[in-house]
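Contents: one structure, followed by commentary.
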């Protein structure tokens, strides 16, 4: 009987030790950039969306062959992950890694088609030209996206935190949701129909020709070009300002 009690006590102590180990905080590994920048090409395929996590500048080019080139310091580049899950290409750092680069981190991504962009953290995305059926964009944190020329049937945008999105081109319809202090700057993106919801201190500039639905709460503001028929709901001190015809 005494031996059984000892064994039972031993098992309890082992289990408690494992539980305590699981609850201990995990320390992030800190990596200071070496100053030596290298370039690495990675194979990527079969994706229609991209997710950029953490820091770094991502340039997206529409072309015939999918590819990814990374430029970063030699002791940081090995800690950068790039993998496809479902239809999304994820680009970011390994878990529990805290990098302090002394030189910029850049990604050059070639896509055949692109239907989704997600930016979390403080990454920046630039696209010179993109033609697609639909595009869904989500920016959280302090990320920034710029598209010089977008041609699409539909555009769906979610900006939270201090995210920023600037673009031009032409879409048939766009739906925008801004929360926090994000800004949506699209006065040169011609659209037929737009629906926009701004909460917090978000701000937006649009160009809408036919129908515009606006919901403002908090101190958000909207400026728009075009002769669209406007339906608006405003709570708080938000403002809707018509800028007249677009040049």
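Numbering (my numbering), first residue to last: 4 to 250. Each residue gets a CB set at the ideal place from its N, CA and C atoms; glycine is no exception.
Asked                                                                                                                        : Found
Separation of residue 210 from residue 246, as counted between CA atoms                                                      : 9 Å
Cα-Cα separation, residue 147 to residue 54                                                                                  : 13 Å
Beta-bridge pairing of residue 141 - partner residues as DSSP gives them                                                     : 121 and 161
Three-state secondary structure assigned by DSSP to residue 81                                                               : helix
Nearest-angstrom Cα separation, counted from residue 225 out to residue 59                                                   : 30 Å
N- and C-terminal bounds of the beta strand (DSSP E) containing residue 93                                                   : 91-96
Outcome for residue 103 when other beta-carbon atoms lying within 10 angstroms are tallied against a minimum of 16           : exposed
Member of 117, 172 and 34 whose CA lies at the smallest distance from the CA of residue 81                                   : 34
Residue 63 versus residue 165 - alpha carbon distance                                                                        : 22 Å
Segment contact, 8 Å Cβ cut-off, at least three pairs: the segment 85-96 with the segment 130-138                            : no
Among 240, 239 and 197, the one whose alpha carbon lies nearest that of residue 233                                          : 197
Residues of its chain near residue 121, where Cβ-Cβ distance is below 6 Å and the 5 sequence neighbours each way are ignored : 54 and 141
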